[in-house]
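Protein chains in written order, with my numbering: chain A, 1 to 136; chain B, 1001 to 1136; chain C, 2001 to 2136. For every residue, glycine included, the Cβ atom is placed at its ideal position computed from N, Cα and C. For reference, the structure discussed in these notes is given below.
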C-alpha cells in the first residue's frame, strides 16, 4: 500500500463558479505510480466545495449554480456572521468539502459523464486542492 | 492491506426512488475475505446518488423524496440544460455520488437504523454501483 | 498500513446543534501512532451528520443551522413518518453522515478555518461518533 499526496492551486474568477479539475487529478495519479486504489480530493476552505457531476454540457454547471443561488441566496434575514458569506458556508456543508473516487488502471474510475469540480462559492480567490492517492 | 472491487446493477422503476442496497454491499464484503477496514459505495452516474438513512420505516424514504422534490422541483425557470433533468443533477451533487462505511468483523458497521440506499433521480433506468472494500 | 478505530460519545443539548469535535478526533490520531494517512469520522445515526466548516466565529454555526431550519422546517405537509423527525432525516442525508480528512505529521490536515462538527438534528440525545485512522 502506497500513499502519495500532492496539491495544486485553482484561481476562481467570479463569486460562484464550478471549475473542472479532472485533468489535474488524473495527472497526479499518473505521477504517483499507483495503478489501483482510490483518490481523495479535498478542499481546505470553508466557503468552497468539491463535487462530481456532468462535465459534457456546461449548462449543467449553470443550472446547479442557479439552483444553489435560489435555495441559498447571498443574504438571508437573521444571518449573524459579519463577513457576508454565510450562504457560501452553507453551500460548502451541503455539497461537501471532499470526494473520494476509485482509481483503476492508473486512471480515475469515473462514469461516462462524470468530471470532478472545484466549487467556488465566495470568489474570486486563489484556492488550494489537496489530492491523496492510495493503492498499489 | 487488500483491495477488492466489484459492481452490481440496480433497476429503477420510477423517476425518483430510494432502493435499499445494503444486502448487496454486505454480500460483496463476505466474498472479499476482508475482516476489518472500509467500503466505498460509488455511483458512476450524474443524476443519481448514494445515501445512508433509515431502512426500518419506508415512510422515511417517502418523506426524503418529497422534501427533495419540493426543494428541487423538476422544472425551474432559467434552466438551460435541454435534457430536462437539471433537478436530478442538483440532487446528485447535494446528496453525493458516494459514501464510505466502516467494515468490522466481515460486516458493515452501520448504526441500528442505518441502511445504504441507491437514490434514483431521473429513472426509470438500469444503473451501476461500484463497491471497493479495503482492509485486512 | 495500520488501521486504528475508536469511538466517543457526544451529548447534545438542543434539537439542532453543531458541536466542534476536532479535538476528540485529533486525540485519537495522536494515540493511534499513525503519522500520515487519513481519518474517517462516521456518525451511526440517521438524524444527525458530520460536517467540516468554520470553527473560528460561532455565528457561522448559527447561520448554517438557521438556513437548514428554513429550507427544511420541522413539519412539512405530506410527511408520513410518525415520529415527527422527517426533517432531521433529510438534513442527515443532505449534510452526510461521515467525512474523510487527510492526516499529516500526526495531525488532521485541515484548512486554517476548518473544524470538524457533529451536527445534531433531533436532540437532545446521547450520540456516538466512530473514528477510523488509516496510514503509516
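Chain A contacts from the stretch 1096-1124 of chain B (Cβ-Cβ distance under 7 Å): If the cut-off is 7 Å between Cβ atoms, the stretch 1096-1124 of chain B has 1096, 1097, 1098 and 1100 near chain A.
Buried or exposed by the 16-neighbour rule on C-beta atoms within 10 Å, applied to residue 1031 (chain B): Label assigned to residue 1031 (chain B): exposed.
Residue 1042 (chain B) - partner residues in DSSP beta bridges: In DSSP, residue 1042 (chain B) forms a bridge with B:1098 and B:1130.
Same chain, Cβ closer than 6 Å to residue 120 (chain A), five either side skipped, listed in chain order: Annotation for residue 120 (chain A): 12, 17 and 48 place their beta carbon closer than 6 Å to its own, counting only its chain and skipping 5 residues before and after.
Cβ pair count under 8 Å reaching 3, the stretch 1068-1088 of chain B against the stretch 1020-1039 of chain B: The way I'd put it, the stretch 1068-1088 of chain B doesn't touch the stretch 1020-1039 of chain B; fewer than three beta-carbon pairs between them come closer than 8 Å.
Chain A within 9 Å of residue 1092 (chain B), Cβ atoms only: Closer than 9 Å to some Cβ of chain A, the Cβ of residue 1092 (chain B) qualifies, so yes.
Bounding residues of the alpha helix (DSSP H) (the contiguous stretch that carries residue 2022 (chain C)): Run containing residue 2022 (chain C): 2022-2032, per the alpha helix (DSSP H) assignment.
Neighbour-count burial assignment, residue 98 (chain A), 16 or more Cβ in a 10 Å radius: Flag for residue 98 (chain A) reads buried.
Coarse secondary structure for residue 1090 (chain B), derived from DSSP in three states: Residue 1090 (chain B) falls in the helix class under three-state DSSP.
9 Å Cβ cutoff, residue 2051 (chain C) in contact with chain B: It does not; no Cβ of chain B falls within 9 Å.
Residue 1053 (chain B) and residue 1118 (chain B) closer than 9 Å at C-beta: Cβ distance not < 9 Å, so residue 1053 (chain B) and residue 1118 (chain B) don't count as in contact.
Helix, strand or coil at residue 2051 (chain C) [DSSP, three-state]: DSSP places residue 2051 (chain C) in strand when its eight states are reduced to three.
Beta-carbon neighbours of residue 2078 (chain C), restricted to chain B and to distances below 7 Å: In chain order: 1066.
Min CB distance residue 1060 (chain B) to chain C below 9 Å: Output row for residue 1060 (chain B): interface = yes.
Limits of the beta strand (DSSP E) - the one that residue 1007 (chain B) falls within: Here the beta strand (DSSP E) through residue 1007 (chain B) covers 1002-1011.
Residue 2129 (chain C) and residue 2014 (chain C) closer than 9 Å at C-beta: It is not a contact, given that the beta carbons lie outside the stated cut-off.
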